[in-house]
Amino acid sequence: MTQDLRIGIIGVGAMGADHAERVARRISGARLVAVSDPDTARAATLAAALDGVRVIGDPLALIGDAEVDAVIIASPGFAHAEQLMACLEHVKPVLCEKPLTMDAESSLRVVEAEHKVGRPLIQVGFMRRFDPEYARLKQLLDSGELGRTLLLHNVHRNKTVPATFRSEMIVRDSLVHEVDVARWLFGDEIVKITVHAPKPTSLVAEGVLDPQFAVFEMASGALADVEVFVNFQVGYEVRCEAVAEKGSATIGLGVDVLTKQAGHWGGAVPDDFRVRFGLAYDIEVQRWVNAAAKGEIDGPTAWDGYAAAAVCTAGVQSLQEGRPVEVEMVSRSEVLG
Ligand code: ISE
Numbered sequence: 004m005t006q007d008l009r010i011g012i013i014g015v016g017a018m019g020a021d022h023a024e025r026v027a028r029r030i031s032g033a034r035l036v037a038v039s040d041p042d043t044a045r046a047a048t049l050a051a052a053l054d055g056v057r058v059i060g061d062p063l064a065l066i067g068d069a070e071v072d073a074v075i076i077a078s079p080g081f082a083h084a085e086q087l088m089a090c091l092e093h094v095k096p097v098l099c100e101k102p103l104t105m106d107a108e109s110s111l112r113v114v115e116a117e118h119k120v121g122r123p124l125i126q127v128g129f130m131r132r133f134d135p136e137y138a139r140l141k142q143l144l145d146s147g148e149l150g151r152t153l154l155l156h157n158v159h160r161n162k163t164v165p166a167t168f169r170s171e172m173i174v175r176d177s178l179v180h181e182v183d184v185a186r187w188l189f190g191d192e193i194v195k196i197t198v199h200a201p202k203p204t205s206l207v208a209e210g211v212l213d214p215q216f217a218v219f220e221m222a223s224g225a226l227a228d229v230e231v232f233v234n235f236q237v238g239y240e241v242r243c244e245a246v247a248e249k250g251s252a253t254i255g256l257g258v259d260v261l262t263k264q265a266g267h268w269g270g271a272v273p274d275d276f277r278v279r280f281g282l283a284y285d286i287e288v289q290r291w292v293n294a295a296a297k298g299e300i301d302g303p304t305a306w307d308g309y310a311a312a313a314v315c316t317a318g319v320q321s322l323q324e325g326r327p328v329e330v331e332m333v334s335r336s337e338v339l340g
């Protein structure tokens, strides 16, 4: 009988708690054994509700713990760099929620450190790649049936976010998903980014630039645009339309169940990403567990995390300076050989 992969989770806020539930109840070949969170009461409550889960106060101690085989990092982005380095030091596979780190420079250091270890240990939580609708879109575009892809139009709306979610976080924590989606769907790097800020909604704190409208220029000359609106009030909506030479394809219309009732028709809008992307997270974590058990990863790499961080670093600068900013990235072969 093969042994379950023993998993420790760092950060049990909304996303970490969701992953804890997932690993404890739905993922096969894995067992949740430890959690860590600065809010020790929150960690203790979660651990008490699940069998055989310890609370380890210090996240670095969790990473080093002899009973933890692999780690999920769901702490805030500013804590990632140190925790990722510790995972590399202990040679433990890690699924790290986005962003990889807060900027291009620190992400590059992580890529270099992983390269020194000699095998991929880091997978980045760009879960949309595992969403069945996105996966079908990717397959369709790659098949060439529609010809060359020319444009992507993206919409990314959250119902609300906490008041601590400032303008730069909209780039680093929300827009970063479309950065990865554009790189992945086009199979190409983003070379320039412009983040426009229209007059903000009156429903956010003074100084928060929400919504934002970004334009990515791909190395091949293709373009992608993204509306990100994190205080949309209505619910969670993520859409992507690819326009190609011989047709277009749209995902995220949310028309799974259409009801007709009392003179009206309609469907439901999910409240947040845990609902909309629940299946994508399940598939992502299951595939990561299967791969980690074999000493591999199966999804977005540290390099993908670095590339996204480089684009977001330029994006934050574009937002602040109100102009297009070229993305600065080292060449892949320079770092990875
Ligand atoms: C959140 O962290 C996510 O990753 C969600 O997918 C995204 O929609 C949201 O804007 C972020 O805050």
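Numbered by my numbering, the letters in the sequence shown go through residues 4 to 340 in order.
Just so you know, even glycine gets a beta-carbon here, dropped at the ideal spot from N, CA and C.
Keep in mind that this is a model prediction, so the values were computed, not measured.
Helix, strand or coil at residue i according to DSSP, with G and I counted as helix
i, result
"Lys-263", "strand"
"Phe-133", "helix"
"Glu-85", "helix"
"Ser-251", "strand"
"Gln-142", "helix"
"Glu-299", "coil"
"Val-272", "coil"
"Gly-55", "coil"
"Asp-228", "strand"
"Met-221", "strand"
"Ser-205", "coil"
"Ala-37", "strand"
"His-93", "coil"
"Val-127", "strand"
"Ile-66", "helix"
"Ala-73", "strand"
"Glu-24", "helix"
"Arg-169", "coil"
"Met-4", "Because Met-4 carries a pLDDT of 46, less than 50, the predicted location of this residue cannot be relied on, and no value is offered for it."
"Leu-212", "coil"
"Arg-29", "coil"
"Val-278", "helix"
"Leu-98", "strand"
When the options are compared against residue i, the one with the closest alpha-carbon
i, options, result
"Arg-277", "Asp-7, Asp-191, Arg-25", "Arg-25"
"Gly-281", "Pro-102, Arg-9, Val-58, Arg-29", "Arg-29"
"Glu-323", "Leu-339, Glu-329, Val-198, Val-233", "Glu is not the amino acid found at residue 323; the sequence shown has Gln there. Ranking the options by Cα distance to Gln-323, first place goes to Val-198."
"Gly-2", "Val-179, Met-105, Phe-168, Ala-295", "A query on residue 2 cannot be resolved here, the shown segment of the chain reaching from 4 to 340 and no further."
"Ala-89", "Leu-63, Pro-102, Glu-100, Val-231", "Leu-63"
"Ile-12", "Val-333, Leu-65, Arg-45", "Leu-65"
"Pro-201", "Arg-242, Asp-213, Ala-185, Trp-187", "Asp-213"
"Val-97", "Val-71, Lys-119, Leu-111", "Val-71"
"Lys-162", "Ser-39, Ala-313, Gly-266, Arg-279", "Arg-279"
"Arg-160", "Arg-290, Trp-306, Gln-236, Val-314", "Gln-236"
"Val-319", "Gly-340, Lys-195, Pro-135", "Lys-195"
"Ala-17", "Leu-35, Leu-8, Ala-46", "Ala-46"
"Ala-116", "Trp-306, Ala-313, Ser-334", "Trp-306"
"Pro-79", "Pro-41, Gly-250, Ile-10", "Pro-41"
"Ser-223", "Asn-293, Trp-291, Leu-154, Arg-175", "Leu-154"
"Glu-248", "Ala-107, Ala-225, Pro-303", "Ala-225"
"Asp-134", "Arg-242, Pro-203, Asp-106, Val-164", "Arg-242"
"Arg-9", "Ala-252, Ala-51, Arg-57", "Arg-57"
Where the alpha helix (DSSP H) containing residue i begins and where it ends
i, result
"Ile-286", "281-296"
"Gly-318", "305-324"
"Asp-183", "179-189"
"His-118", "107-120"
"Leu-339", "335-339"
"Ile-173", "Neither: Ile-173 is in no alpha helix (DSSP H) and is coded neither H nor E."
"Val-158", "No alpha helix (DSSP H) contains Val-158, which is instead part of the beta strand (DSSP E) from 152-160."
Residue burial classification, residue i (beta-carbon count within 10 angstroms, cutoff 16)
i, result
"Glu-209", "exposed"
"Ser-109", "buried"
"Phe-232", "buried"
"Asp-68", "buried"
"Thr-43", "exposed"
"Trp-268", "exposed"
"Lys-101", "buried"
"Glu-230", "buried"
"Met-4", "With a pLDDT of 46 at Met-4, under the threshold of 50, the predicted position of this residue should be treated as unreliable, and no value is reported."
"Gln-289", "buried"
"Leu-124", "buried"
"Val-94", "exposed"
"Lys-119", "exposed"
"Gln-215", "buried"
"Gln-2", "Residue 2 is absent from the model: the chain starts at 4 and stops at 340."
"Arg-326", "exposed"
N- and C-terminal bounds of the beta strand (DSSP E) containing residue i
i, result
"Gly-11", "8-13"
"Ile-196", "193-199"
Contact test: residue i Cβ vs the ligand ZN heavy atom, cutoff 7 Å
i, result
"Thr-104", "The ligand ZN is absent from the structure shown, which contains only the ligand ISE."
CB contact check: residue i to chain C, cutoff 8 Å
i, result
"Pro-303", "Considering every chain present, this structure includes no chain C. It has just one protein chain."
Worksheet entry | Residues passing the C-beta test against the ligand ISE heavy atoms, cut-off 5 Å | Asn-161, Asp-176, Ser-177, Phe-276
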